[in-house]
Amino acid sequence: MAKRLETNVPGDFYVNTNCIDCDQCRQIAPASFSAVRGMSAVTTQPRDEQERRLAQYALLSCPTGAIGSESNDGLQEAMSDFPLLVDENIYFNGFTAKNSYGASSYLLVHPEGNWLIDSPRYLPQLVEKFEAMGGIRYIFLTHQDDVADAARYAEKFGAERIIHEWELQAQPGAEHVIHGTEAVEWSPEFRIIPQPGHTRGHLVLLYQGRYLFTGDHLAWDRDTQDLDAFEDFCWYSWAEQGRSMQRLAEESFEWVLPGHGDRKQLPAAEMQARMAQLVQRMEVPS
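Using full-length UniProt numbering, the letters of the sequence shown map in sequence onto residues 1 to 286.
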């Protein structure tokens, strides 16, 4: 039986011992949740309706059910808000999966068919929302860690999954397999870029030259207030990840939309400058 952590302040919302420190709640509701002793905790109870709604989004998005509330008032309404708008036609799905360690996934609504980037938990509520928003044509899988319930969504919507050959063991029935390390011009708006490092077959997706879906390759670090990659969570090759980042730094984009870590929008020129600085910090071997 999960227990309420002593690190929570008294009040309605709390984190229990099921927490796996995935960081989702701190991304969604940073005014209420903080990192304490290797887990998350409620360090400030919501002070208004907006903060309460964000705390409810965090509760619903937690992959392990580690967030509780003494009152469920408004929780159904909060659930109906998902997926949450990020920018223009891009949405954050919430409802993260334990087997992807709470990774963020996204829905990209497009007139030629919607894209699911990585996968949330399979939930009837999300299925209904996805149906109402036009279904799913493609499921883009950045790498093997974050496939979650992609196969179930693919079966439900008849969607076509895209994954790299070196990650195929995680989704052996995938309909489209990317090979090698050269970028693929999927269509005029979609560019698939292999970025080996975190895993051997990691992919990122660049949409409209503005939005970069980065999986676990690249994220915004709220502590340093800068772009970052995570050497402690690099499962294949840090040197290779650095070389991949060097190639990625030549691309132009404004948004970083990661699986783990914070999202960030910057002017393209500033993003490129920060990418160049990140490559320097990673000490990429020649």
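The beta-carbon is built from N, C-alpha and C at its ideal position, and this holds for glycine as well.
From a predicted model like this one, the values you see are computed outputs, not experimental measurements.
Secondary structure at F253: coil, using DSSP grouped into helix, strand and coil.
By a beta-carbon distance limit of 8 Å, W166 does not contact L212. Their separation comes to about 21 Å.
Boundaries of the alpha helix (DSSP H) harbouring Y57: E49 to S61, taken from the DSSP string.
For Y153, the enclosing alpha helix (DSSP H) starts and ends at A150 to F157. For V15, the enclosing beta strand (DSSP E) has its first and last residue at F13 to V15.
For S187, the enclosing beta strand (DSSP E) stretches over residues V184 to S187.
DSSP, read as helix, strand or coil, puts L116 in strand. A distance below 6 Å between beta-carbons, with the five flanking residues on each side excluded, links S244 to the following residues of its chain, in chain order: Q195, P196 and G197. Looking only at S61, T224 and N93, the smallest Cα-Cα distance to E128 is reached by N93. Put simply, of T64, A35, G38 and G68 the residue whose alpha carbon is nearest the alpha carbon of P10 is G68. Around the C-beta of H143, 16 or more other C-beta atoms lie within 10 Å, and the residue is accordingly described as buried. Per DSSP, I163 is one residue of the beta strand (DSSP E) stretching across E160 to H164. Using a Cβ distance threshold of 7 Å, H202 and H179 do not count as a contacting pair.
In this structure, the straight-line span from the alpha carbon of D262 to that of N89 is close to 19 Å. With a cutoff of 7 Å on beta-carbon distance, E51 and A31 are scored as near each other. Relative to A174, the option among D146, T199 and L141 whose CA is nearest is L141. Partner residues in a beta bridge of W235, as assigned by DSSP, do not exist. Under the three-state reduction of DSSP output, M271 falls in the helix class. Relative to the Cα of E112, the nearest Cα in the group T224, A29, R222 and P188 belongs to P188. In the displayed model, M79 falls within a helix according to three-state DSSP.
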